[in-house]
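Student: One structure is given below, represented as structure tokens, and several questions about it will come after.
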Amino acid sequence: MAQDTQPRADLELRQQQVEQATTEWWQELNALYPRLQHSPLPRTEWFERGSRAGIADVRHWLVAFNRPMLERDDGFAIILPNTVVHELCHLAAYALHGTCGHDPAWRSVMEAVGFTPKRTHDLDITGLPGVQRRWRYRCSCGDVYVSTTRHNRIQQGKAIYRCTRCNDPLTH
Ligand SMILES: [Zn+2]
Ligand SMILES: [Zn+2]
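Oh and the sequence shown: position 169 is 169 in the UniProt record's numbering, straight run, nothing missing.
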């Protein structure tokens, strides 16, 4: 457990790179939209759990990124620069148009900086802290995903779960 809380050298470097990129992409957005110069540079923060790569908080004027995801090479490759730009564009869309979410204002800002406006990342999030593993089961109408708790009960013969759509028992 102790080594999980120990700062890792390459993680610190990656965090610095993300913070640096936040500044640089914000400057890029400022160059494209001079009205953004009335808004301060957003703060960069980190969070430790969950499947989201990043968060934009317009109230506190900050962007935050998933630190365990950053520690993984595939996660790092997504956060820098995609998630950095994605979240900054939320703040920019808010400053320019007063809107939140993946709306046309956000999409237009994303396209203006040369990024495809995608809502979510495609990273396999299995094993990240705060992310429940889902197990794939089948029934006659398709695939159903169940939690580890349910998966164990089924495997131990303690329970049978049925699909809520077709009422078939789930099979692994
Ligand atoms: Zn978003
Ligand atoms: Zn079904």
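Glycine residues also receive a C-beta, built at the ideal position from the N, C-alpha and C atoms.
1) Determine, using beta-carbon pairs with one atom in the segment 42-54 and one in the segment 94-114, whether at least three such pairs fall under 8 Å.
2) Ligand 1 heavy atoms versus the CB of Q106: any closer than 8 Å?
3) Would you say the beta carbon of V144 comes nearer than 8 Å to a heavy atom of ligand 2?
4) Verify whether the separation of the beta carbon atoms of D168 and S140 is less than 9 Å.
5) Given a cut-off of 9 Å, decide if F115 and residue 175 are closer than it, judged by their beta-carbon atoms.
6) Can you list, in chain order, the residues of its chain whose CB lies under 7 Å from that of L128, leaving out five sequence neighbours each side?
7) Just to check, is the beta-carbon of A92 closer than 8 Å to a non-hydrogen atom of ligand 1?
8) For C166, I'd like the list of residues in its chain whose CB is within less than 8 Å of its CB, leaving aside the five on either flank, ordered along the chain.
9) Which same chain residues end up closer than 6 Å to T83 when comparing Cβ atoms and leaving out the 5 residues on each side of it in sequence?
10) Could you please give the first and the last residue of the uninterrupted beta strand (DSSP E) stretch that includes E87?
11) Between P34, D10, Q20, which has its C-alpha nearest P42's C-alpha?
12) Is the separation between the beta-carbon of H121 and that of I160 shorter than 9 Å?
13) What beta strand (DSSP E) runs, 3 residues minimum, are completely inside the UniProt domain "SprT-like" (27-171)?
14) Going straight from the alpha carbon of Y137 to that of G75, what length do you get?
15) Between T164, W61, A95, which lies nearest to R35 when the distance is taken from Cα to Cα?
16) If you measure from the CB of residue 241, is any heavy atom of ligand 1 nearer than 8 Å?
17) Assuming L91 and W61 form a contact by the criterion Cβ under 8 Å, report the distance between their Cβ atoms to the nearest whole angstrom.
Tutor: The relevant details are as follows:
1) no
2) First, the residue type needs correcting, since residue 106 is Trp and not Gln in the sequence shown. W106: yes, Cβ under 8 Å from ligand 1.
3) yes
4) yes
5) With the chain represented from 1 up to 172, any question about residue 175 goes unanswered, as that position is not in the structure.
6) S51, P68, M69
7) no
8) C139, S140, C141
9) A53, G54
10) Counting along the chain, E87 falls outside any beta strand (DSSP E), though it belongs to the alpha helix (DSSP H) covering 84-97.
11) Q20
12) no
13) 43-47, 54-57, 62-66, 134-139, 142-147
14) 27 Å
15) A95
16) Only positions 1 to 172 of the chain appear in this structure, which leaves residue 241 out of reach.
17) 7 Å
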